[in-house]
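The sequence shown begins at 26 in our numbering and counts up by one. Here's the structure, in C-alpha cells; my notes come after.
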Amino acid sequence: MSDSIGPSPFVVSDRNLALELVRVTEAAALASARWTGRGRKNDADGAAVEAMRIAFDTVAIDGTVVIGEGEMDEAPMLYIGEKVGSGGPAMDIAVDPLEGTNLCAKDMPNAITVVALAERGNFLHAPDVYMDKIVVGPNLPEGVVDLENTIETNLKNLAKAKGKSVQDLLLCTLDRERHEEMITRARAAGARVRLLSDGDVAGGIAACLESSQVDIYVGSGGAPEGVLTAAAVRCVEGQMQGRLLFEDDTQRARAQKMNPGKNPDRKLDLHDMAAGSVLFSATGVTTGALLRGVRQYPHQAVTHSLVMRSKSGTSRFIEGHHNFKTKTWTPQ
C-alpha cells in the first residue's frame with residue numbers, strides 16, 4: 026500500500042500551470058484591446074507581444090518558444106527559440122499573441138490571444154508556411170473525415186456519423202480565393218458555409234464545441250496556427266489532420282531541418298502536431314463565436330477566456346474582472 030498522500034506533484038503543477046496560462050493570455054488581451062478599432066494592427070500586435078512576454082516572467086517553467094513571432098532577427102520578442110518563464114519543468118511554448126490583428130484593428134469578431142504548452146519536444150516545429158487543415162469534434166468514429174477525401178465524401182461521412190443530413194451541417198473556412206472551389210462544392214452538396222475573414226484558430230476550435238454549431242473546419246491557413254489549433258483539439262479529444270504546403274524547395278528544406286528524419290510532405294495527424302500532455306488558453310479581444318471580447322471601463326476591464334487540459338479533458342470558461350487601481354500590471 027502506497028504511503029503517498031494527495032495528488033502527485035506533476036498533476037498539481039499541471040493544474041497550476043493551466044491557470045497561470047490564463048493570466049498570460051489575459052494580459053495580452055487587455056493590452057491589445059486598447060487598440061481595438063484604431064486601424065493600427067502592428068501597434069495592437071506589439072502591445073500583445075510585450076504584455077505576454079512580461080506575464081510569462083511569472084510562470085514557473087523553463088519554457089522555449091517553438092511557435093512564435095518569427096525568428097530572432099525578425100521579431101524583438103517571443104521569437105522562435107526564445108526562453109521564457111521563471112524556472113521549472115522544461116516546456117515547449119506555442120504562442121499567437123494576437124490572432125486576428127486585422128480583426129482587432131477593424132473591431133471585427135474573433136480576435137483572440139492564444140498560448141499552448143507541451144512537455145519538451147511534443148509540438149511540431151512548424152515553419153511560417155501554409156498548412157492544409159481539417160477539424161471535427163469529439164465523439165465521432167476515428168477517421169470519419171480525411172484530407173485525402175473529396176469535400177463531398179467528408180460531408181457525407183460526417184453527416185452519417187452525426188445522424189444528420191448534409192443539409193444540417195455547417196462548414197467553417199477562411200474567406201479566401203483559394204477556397205472558392207471547395208466552398209462552391211460544399212454548398213452544392215447541401216452544406217451551409219460560415220466564412221471567416223481571419224482567425225482560423227478560433228474557427229478550428231469552434232468545430233469542436235457544440236455551442237458554436239460548427240460541424241467541420243476545412244481549408245488552408247498558417248502552419249503555426251495549425252499547431253495551436255491541434256493543441257486545443259487534443260484537449261477536447263476532437264480529430265484533426267494537416268499537411269504543410271510549400272511554395273518552393275527552400276521552404277521544404279527549412280521544414281525538413283526543423284523536423285529531422287521526418288518527411289515534410291507527409292499527412293500529419295493530431296499527435297504529430299501536438300503530443301503528450303498539452304495545456305491551452307485563449308482570451309477574447311473582440312467578441313466572436315468562441316469568446317466574448319474585452320469589456321473596458323474607466324478603471325477596470327472584464328475578460329473572457331477558455332483554458333483546457335488534455336490530461337483531464339477539462340475545459341473552463343473564465344470571466345476575469347481586472348481592477349486597474351490595484352492590479353500590479355495594467356495596459357498602457
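Backbone N, C-alpha and C fix where the C-beta goes; we use that ideal spot for every residue, glycine too. Since the model is a prediction, treat every value here as computed from it, not as a measurement.
- The Cβ atoms of residue 123 and residue 136 sit closer than 8 Å to each other.
- Counting only the Cα atoms, residue 350 lies some 44 Å from residue 245.
- For residue 250, the uninterrupted alpha helix (DSSP H) segment begins and ends at 248-260.
- With distances taken between CA atoms, residue 264 lies nearest to 231 out of 331, 106, 92, 231.
- Residue 212 counts as exposed, since fewer than 16 other beta carbons sit within 10 angstroms of its beta carbon.
- Around residue 82, the same chain offers 109, 110, 111 as residues with beta carbons nearer than 8 Å, after the five sequence neighbours per side are excluded.
- By the criterion of a C-beta distance shorter than 7 Å, residue 113 is surrounded in its chain by 85, 86, 87, once the five residues flanking it on both sides are discounted.
- Around the beta carbon of residue 236, a 10 Å sphere encloses fewer than 16 other beta carbons of the protein chains shown; the residue is thus reported as exposed.
- Residue 304 is bridged by DSSP to 142, 334.
- Here residue 177 carries a helix assignment [DSSP, helix/strand/coil].
- Under the Cβ criterion (8 Å, minimum of three pairs), the region 277-286 does not count as touching the region 317-326.
- The beta carbon of residue 292 is closer than 7 Å to those of 172, 266, 268 in its chain, skipping five residues each way along the sequence.
- Of 155, 217, 65, the smallest CA-CA separation from residue 194 is found for 217.
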